[in-house]
Structures are given as C-alpha cells and as structure tokens.
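Below: the structure, in structure tokens.
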Amino acid sequence: MLKKRATIRDHNAEASLFSRRVAVALVLVYSTFGLLLYNMYQLQVVQHQGFQTRSNDNRIKIVPLAPNRGLIYDRNGILLAENRPVFSIEITPEEVRNLDTTLAELSQLLDLEATVISEFHQQRARERRFSQVTLLDNLNEKQLSKFAVHQHKFPGVSIEARLIRYYPHDEILTHALGYVAKINRNDVKKLEESGQQANYAATRTIGKLGVERFYEKVLHGTVGYQQIEVNNRGRKVRALEVEPPVPGSDIYLELDINLQRKAVEILGEKRGSIVVMDTRTGGVLAMASTPSYDPNWFVNGISFARYQSLLASTESPLLNRATQGGYPPASTIKPQIALLGLNEELITSKTRIWDPGWFEIRGVDHRYRDWLEWGHGWVNVSTAITESCDTFYYDLALKLGIDKMSEFMFQFGFGEYTGIDIAEESAALMPTRGWKRSRFNLPWYAGETVSVGIGQSYWTATPLQLAAGTAIVVNRGTHLVPRLLKETVTDQVSTPALIEEKPPVTLNNPEYWDIVLDAMEDVVSTVKGTAHTAFRNAPYTSGGKTGTAQVKSIGQDEKYVAEDIEERYRDNAMYVGYAPVEEPEIVVVIAMENAGGGGSVAAPAARDLMDFYFGVAAKEEEEQ
Amino acid sequence: MQTNAERQRHPILQKLHIDGPLLLVLLCLSVLSLISVYSAAGQDLALIQRQAIRIGFAFFVMFVVAQIPPPTLQRFALPLFTFGVALLLAVLLVGVSAKGAQRWLDIGVTNIQPSEIMKLAVPMMLAWFISEHGLPPSLKRVFAAFLLLLVPTLMIARQPDLGTSLLIGSAGLFVIFLAGISWRLIFFCIGAAAAFAPVLWIFLMHDYQRQRVLTFLNPESDPLGAGYHIIQSKIAIGSGGLEGKGWLQGTQSQLEFLPERHTDFIFSVFSEEFGLIGVAGLLILYGFVILRGFTIAIRAQSAFEKLLAGSLTLTFFVYVLVNIGMVSGLLPVVGVPLPLISYGGTSMVTLLAGFGMLMSIATHRRLVMRGQ
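Residue numbers (our numbering), protein chains in the order written: chain C, 1 to 624; chain U, 1001 to 1372.
This is how it looks when you write it as structure tokens:
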C-alpha cells in the first residue's frame, strides 16, 4: 500500500516534471524554428538580389551572333565577294567524353585524312577552352548526311551552318580585293587595342589584304547577342532574348571586273602590272598584278605547304606589283622632267640640242648612251618626248640637278604613298642627296643625276604612282588620289566615296602643260612617235609615253641584245597613256617585267586595253 | 473533461486509433511532398507514382502501428532493441557496401537497413529503461542509459552513416532529457561533449566527413568541388525571394544546378519555387506536428508513453533542423532527408511508424486507465 501510494505521488510529480521539460523543449524548438526562418529571411529577402544574380549567371549565357559581312561589287554591280553557306563539323573538346576515340570514329565515318586530325589538334591548341574547334569545313552532301544520321553517338560534336566568304573571280583581282582569313593572335591583339574585340566575339574571319582589309570596319557590321538559358552542363535549353546583329555595309568598287579581266589577260604569263585610273575621279578601274593566286585558299586556312610555295616562289605572286612593285620609271617620266625644265626656264619649247647618240659630262670619261645608237640629231623638248630622246634629258637633268628634280617629282607623288585605299603600298623611291647619304653614306654623284633624268639610277616608282603622276599631267596639275571605293551602301542608302585631292602642281606658265601633252599625243599620232605603230588606226585619240627600263647596267662598250641576256635581266617594258585626248577619261599604265621595249611590247598592250575600254573590239565584231 | 470532449468530437477516428489533427497535417505534408518531388525530379511521373505508393504504404504502416496499445509497445522495446543491435552487428560483419558506406543487410529478397529499425527501437528502449523505476532517474540509471545509447549510435556511425547516428543519438538523449535529469548534469554533459569533439575529429571521423565539416565552414573556398552543393543550394534558396519563382519554374533545380534535388536537397527546390512565404508555411506545418506531438506526450498517462512520444517528436524536429540547417548553410552536410517531403521510402515508413506510435499513445488512453 505504502509503496503504491508513493508510486502515485511519483506519477504526479513525474507528470509535472515531464511537462516542464516539454515546455523547455517547445521553447527551444520554436526559437530554433525562428532562427531557421530568420536565416531564410536573410537569404531570401536581404541577400535576394545577390543570389538572384548568381542564379542568372548560372543559367543565362550570352552567345554572340556574327553579323553578315557586307558584299563587294564592281562598278557595274557584279559580285566580287559574296557569302556562301557552308556546313562544318565543330567539336567542343571539353564536352566530348573521349576525344581520341571520337576522332577515330569520326574519321572512319567521314573518311577523313590524317592531316585533318593533326590540323584539328593544332587548331585546338590555339583556341580558348570550352570553345568550338572546327574539325572539318565545307562538308559535302555525303558527309553531311552521314554525320546527321550518327549525330546522337557524338556528344560535343555538332554541325554548324555559317556563311563564309567566297570570291567568284578567283585570282583575277586578288591583290586589289584582298581576302579574309581566320582571326589569328595578332588580329586579336589589334582588336583588343582598338577596343573592337567584343564586336568580333562571334566573327571567325577578318580582312587580311586589299579592300577586305582596308574597309574591314565598313564590311564587318555589328555583333548581335542571344541570351540563352543553359543547364548545368552548359547545354542550351531555350533562347531568351535576341539582339540581332547589324550586317556590314555593302561596297561598290570603281573596279570594272571586265576591264580587270582584260588586263590580266593582256599580262598573260608575264610578270607585271596594269593600272587603269579614271582621270576625272581618281577611281581605279583596273589594277592587275601577275602572277596572282586564288584568294579562296586563304578563307578556310591555307595549307602550310601551299603557303610556303607562294612565299618561296621566285615569281613573287604575293606581291601587289601595282602598289608595291618598284620599277625604274624610265622614259615614262620624261613629260614631268620636261615640265620642270620649262618651268625652271632652263629650256623653252624652242630649245634644240644635237644628239650624237651619247652624252658626256664635261671632264668625265663616260658616255651616257642614247637608246638610238646613231642619235636623234637635232631635238627639242617635244621631239625628245615623241622620239624618247635620252640625250636631251641627260643634258637637261644635269642642268636641273638632283635637288630640283626630286623636289618637283615629290609633287607628282613619286617617292610617296599615293594614298590609295589599300594598305599594301610602297612609296618606292625618289632619290635625294640626303637619302643617299643616310643609305650609303656616300655623296651624290653628277652621273646619277644624269641617269635620274631618264628615270633610271635609284629612282623607282610603282605603276600606281605612275598612273597618278601621269593623271596630274593630264589634269594640268590637279592631283587626284587614286581610290578603289566607289560607294558604300548601308540599309539601301548609298554614300559615294569622297574624291580626294592632294596639293596641285602649279606651273609658272600653264602653256607648259600643253607643250608636254601635245608631245605625248605625238608619241601616238606621229610617225616618229614611239607608240605610233601600236596605236595605228585607233578610232580614238590618245597620248602616252613609252619606257624601256634597264634592269641590268650595260657595260661601256657592250650592246644590249635581249636574246643573249638571262630573262631576269631583260628590259622592263613600260607605258603610260591617256585617252581620249580631247576630254581625257582614263590613264593606263603598263609595266611588264623583262618583257622588252616599251614601244614594242607595252604600247601594244595599252592599245589592246584602251580598245577594250572604248568597246572597239566589240564594235569590230558587231561590224563583222 | 478534455478527453471526453475530444473523444466525442472524433468517435470514429478514436475507434480507428487515429489522431485527426495529426493525420490532417501529415496528409498536407504528403501532398507537398508529391508536388515538390514532381518538380524536383524533372516531372517524372513514374517517380511520382512510386512516391505515392510509398506514402500510401507508410500511412498503412502508421495505421497498423497505431492499433498496437502502448503496453505492448513497451513489452516489445527490449526484444526489438536487442534484435536491432544484432542486425547492426551483422551489418558491420557481412553488410552490403554502397557509396563507401556499409549500411545494408542482404536478406535474399531485398536489402534492409537495420539503422532504420533503431530509429524506433532506441527511443522505445530508453523510454522503457528509464520509466521502469520512476522519474527522475538515478544517476546510475542515466549512466546505464548512456551506455545503452552509445552502442547502436557508434555502430551506425562506424558504417558510416553520420545522419542516422545523429538522429538516433539525439532520440536517446531526448528521452534522458525529458526524464528530468538535473540541469547540472545536462550542462556537465554538454561540456564533456565539447571536450570530446577533438577526439571525434581526430579518431572517429572519416576523411569525407571531415571534408564536409571543413566545406561547411567555408563553402566558397571550393566552389566547384565540395562546396558546390552548398553554394548552389544557397543560390537556389536566395534567388527564390519572398514569393518564389513558381512551381516548376525554379531555374536552379529545373536546369539541374542543384545536387540531390528530390532527396536531401528538396528543401532548396521548395524554397526556390515557393519563396519565403512557402518556407514559412512549411515551418508552420512542422511546428504544428511538433506541437501536436508534445500535446500527446503531455496527455500520455504512463512515463513510458510520455518519454516515447516526447522523444519521437523531438527527433522529428531534429530531422527538420538538420536538413534545413544543412541546405541553407547553417550546418554541415550530413545525409538527413527533409522529413515527409524528401523522395525515399525507408525514412517515410520509419517516420510514419513513429507517428503511428504517437497515435496509439493518443488514442489508447481509456484502455490504459482501465488497466490501472
């Protein structure tokens, strides 16, 4: 009984003790819940913004969209550079389970060459991590369909469709038009320096040469962006927002592709260059340089062997001879020398000298020979141009001196960049005393002055410089800057290119222009003119000047016999011409390396080209 | 008076030995479970079906357990505990390993996890052991109870299964606490535990467990490695904001940035999609379950029933605390599911079996009175 009562008392005490403990526990539990809730409040309300941002960083990836590159047309609207859709196989190495097996399977499936795999590895080493690396460009239909069927077996490998540049005229105008090629490290560096790397985020190629390079900014356009939602493996789930890219502007060039093709045809197998420039605008209608190469090789990455062969070729196909080829201008610059002589009043239109076939500096035992062995007899400034008498100019040059000549020739653009709208240009060389001193640490010799008088010695000029310099004569002093761009078209709004001029050449008496221009006309129209044969019966008027540039100096008593001389040492054939005489439209410059005489080789080439320009050949065909 | 009134309110439920309010909250939580798992598991209907079947089965188990009168539970305590310890021993000797832990026992048909049995056996055993000689227990008995508790807890920790051993350990400690041992002893024990921590760190913890603790202390130190889970979970919770991103709209979970989405980290999915408002609602439901458990414990008539009910309730609270604390970066990552919400059958069945005991205690009151 006693024990039982005690138990009952215990029971009540137990109950109250237990209840107190439960009360403590309940307080603890609820305050803990309060703590949990407070922590949640901190995370979900106080720090919400930060976590929201991190959540978006997790899921939203910004994918840049490449703008379509602007197209390039010739002056008549014929496509010179277009964008073609191609399919390529792209691999994201980080998403591939086993790269080596995948590559092995792919090369078996698509019948790939071993070089494709090795090039892929080279390419991969250059790319950033987690970026796509191209395995195979330009898939053919068979490869495309084969891969499409087996695509599910290759995670991390995908087919991408994109536009690549294509040049339908192949090697015809490579040097002027240039090409695009893959963006390399140097390009990336340059883009970074100009703050343009964001704009190129999705772009794979960049203009590397010619117009494509010079007008890169105009052609490229503005990058677009796509916000995509990705999962934890970075795979796209859906697109959220798109800011479309702005395509680049189309551009029209002054070039006439048909005239250009004709020029290349005329050059044929010869090394050389032809430039046709509009004397009214400075527009370059044709600018050929041979030998050339196919720009399409570079677009998808040229093979090392092929590039090496281009580099190593003794024919220098990579050289743009029109703007980088430094040729001795030879007699083609006699009109400008004549102008200087007249302007300095060292000669008049009447001044005559006797040409025995050679010239001697008084007191120096060296004969400067005229190309005409027996001499031209009595010549004045006009006949000296028409018949291309050297002796007259030897004499004049010596009277002028090198300083006056180079100073005057700088005004005609010699020894300076023409400012044409491509970057590949050489200033060539207009020698001066100072130049010779700093180059060779030697004084200027009078004998060199004599040679400069007929465009030889150290003097070199590019065909484009000759074109621009001749245009100055034709335009009586107006100095137009040669230019390839005709107009840019953005959103169907056309903006014509600006006609640029340099300071004009002014003469004391404008009649001097007429004296020289008349003489140039006589080169073509008179029987004694050096280009008369070439232009016989031309249905249009023209003027010009032939030039035969000595590449190798001939010994004192040697004779120049072309057949006896190695091809590389034969004369360069030069011609500068303009037409029509009444209202000049074009200047034509022909430079053919080791081709022979200016009158016999270059002048007929100019005739051929001018005929084409004036539609003569076509008319003759029509008549027949 | 109160008991009469309650009995009159739910005569049928009383007969079925079901506690109405508790059942209602448990059903609410089960629905939330299905909704959350559906979203977290990528709208996998087959998975939801399995979860629904498991929930159904778990409720059935609860119903069956609720029919067992508390004295019978008391009689089962020692045999169940002994049986459980024997199974744990077997696990240590011949258990099946998975993911670096040896937790399962292959009984031919299926694998069983004896530690789950201990989640119920330990509070039953300690409640029986301590209540037998009246409350508060003597120091000697408390000491003996500690030893009884230590055996299964350490065995489970050895598997290793830190989460379960934590739950079982705390279940036992809650029995001892509720039994009314002196506060002085409680504080002494806390001090001793603090002193024991370095020993635990150096000798008893596995490398991966230490790593978890280190990562917990500074998750940002290794954002792509061990800290990834915690960081992504916090981003999910934080980006949910006040109102949440909406059901099935949680980007962290739908785009699979969250790990273990439908199991241990389902709370992150829930918070991301339903926001702080949803979280508060969930905590209210949990708070109600605990309040109801305590009410049942206080109204229980024997010390065994009180201690068992109190311990089960507090263990449920530990589930909630450890899971939410873990996914929100307050506690280290230990594998404890969010009770009644996380996908997974075993813990659901064990939990609802425990609630079955609570219901039995709540509804067998008259029989107990008659017995006395």
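Yeah, the Cβ is synthetic: ideal placement off N, Cα and C, and Gly gets one too.
Taking the Cβ atom as the reference point for each residue, do residue i and residue j lie within a distance shorter than 9 Å?
i, j, result
"C:F410", "C:Q465", "no"
"C:I586", "C:Y575", "no"
"C:T526", "C:G597", "no"
"C:A549", "C:D571", "yes"
"U:D1019", "U:M1357", "no"
"C:S273", "C:S331", "no"
"U:M1326", "U:V1334", "yes"
"C:I206", "C:V180", "yes"
"U:S1342", "U:K1234", "no"
"C:I183", "C:F147", "no"
"C:Y417", "C:K436", "no"
"U:A1058", "U:I1266", "no"
"C:A625", "C:A595", "Outside the modelled stretch of chain C, which goes from 1 to 624, sits residue 625 of chain C, for which no answer is possible."
"U:L1047", "U:V1061", "no"
"U:I1296", "U:A1280", "no"
Does residue i come out as helix, strand or coil in the three-state DSSP assignment?
i, result
"C:Q456", "coil"
"U:G1356", "helix"
"C:T630", "The first residue shown for chain C is 1 and the last is 624, placing residue 630 of chain C beyond what the model contains."
"U:P1198", "helix"
"U:E1116", "helix"
"C:Y215", "coil"
"U:I1341", "coil"
"C:G413", "coil"
"C:L139", "coil"
"C:N594", "coil"
Could you name the residues of chain C that residue i contacts, counting a contact when the two beta carbons are closer than 7 Å?
i, result
"U:K1306", "F18"
"U:A1297", "V22"
"U:A1280", "L37"
"U:A1303", "E14"
"U:I1324", "L36"
"U:P1136", "L17"
"U:L1276", "M40, Y41, Q44, V45"
"U:R1354", "The sequence shown places Gly at residue 1354 of chain U, not Arg. Ordered by position in chain C, no residue passes the 7 Å Cβ test against U:G1354, which lies about 16 Å from the chain."
Using a cut-off of 7 Å between C-beta atoms, extract the partners of residue i located in chain U.
i, result
"C:V29", "I1290, F1317"
"C:L43", "K1234, I1237, G1238, S1328"
"C:V237", "L1255"
"C:L26", "F1294"
"C:N138", "Those within 7 Å of C:N138 in chain U number zero; the least Cβ separation is about 35 Å."
With which residues is residue i paired in a DSSP beta bridge?
i, result
"C:R20", "Looking at the DSSP assignment, C:R20 forms no beta bridge with any residue, so it has no partner."
"C:H152", "Beta-bridge pairing links C:H152 to no other residue."
"C:R165", "C:N83"
"C:R69", "C:R69 pairs with nothing; no bridge assigned."
"C:T495", "C:T488"
"C:S289", "C:S273"
"U:P1160", "None, per the DSSP bridge assignment."
Identify the contact partners of residue i in chain U, using a Cβ-Cβ distance below 8 Å as the criterion.
i, result
"C:E229", "T1251, L1255"
"C:G50", "G1238"
Chain A beta carbons: is any one of them nearer than 9 Å to that of residue i?
i, result
"C:G156", "No chain A is part of this structure, whose protein chains are labelled C and U."
Using a Cβ-based criterion (distance less than 8 Å to any ligand heavy atom), does residue i qualify as near the ligand HEM?
i, result
"U:L1027", "The ligand HEM is absent from the structure shown, which contains no ligands of any kind."
Residues of chain U with CB closer than 9 Å to the CB of residue i, please, in chain order.
i, result
"C:Q226", "Going along chain U, no residue has its Cβ under 9 Å from C:Q226, so there is no contact; the nearest lies around 17 Å."
What does residue i reach in chain C if we use C-beta pairs closer than 9 Å?
i, result
"U:S1271", "M40, L43, Q44"
"U:F1177", "R21, V24, A25"
Could you tell me which chain C residues have their CB closer than 8 Å to the CB of residue i, listed as they occur along the chain?
i, result
"U:L1321", "T32, L36"
"U:L1314", "A25, V29"
> So, do the stretch 1236–1256 of chain U and the stretch 48–61 of chain C have three or more beta carbon pairs nearer to each other than 8 Å?
Replying inline: yes
> How do the stretch 372–381 of chain C and the stretch 330–349 of chain C stand: do at least 3 beta-carbon pairs fall below 8 Å, yes or no?
Replying inline: yes
>> Does the stretch 66–85 of chain C come into contact with the stretch 165–176 of chain C, if we say contact requires no fewer than three beta-carbon pairs (one atom in each stretch) closer than 8 Å?
In response: yes
>> Quick check: the stretch 302–320 of chain C against the stretch 497–513 of chain C, are at least 3 beta-carbon pairs closer than 8 Å?
In response: no
>> Does the stretch 1168–1186 of chain U come into contact with the stretch 1115–1123 of chain U, if we say contact requires no fewer than three beta-carbon pairs (one atom in each stretch) closer than 8 Å?
In response: yes
>> Is it the case that the stretch 489–497 of chain C contacts the stretch 363–378 of chain C, given that we only count it when at least three CB pairs across the two stretches are under 8 Å?
In response: no
> Any chance the stretch 259–267 of chain C sits against the stretch 295–304 of chain C, with 3 or more Cβ pairs inside 8 Å?
Replying inline: no
> Counting Cβ pairs, one atom from each stretch, are 3 or more of them under 8 Å apart for the stretch 1079–1097 of chain U and the stretch 1123–1143 of chain U?
Replying inline: yes
>> Can you confirm whether the stretch 54–64 of chain C touches the stretch 224–243 of chain C when touching is taken to mean that 3 or more C-beta pairs between the two stretches lie within less than 8 Å?
In response: yes
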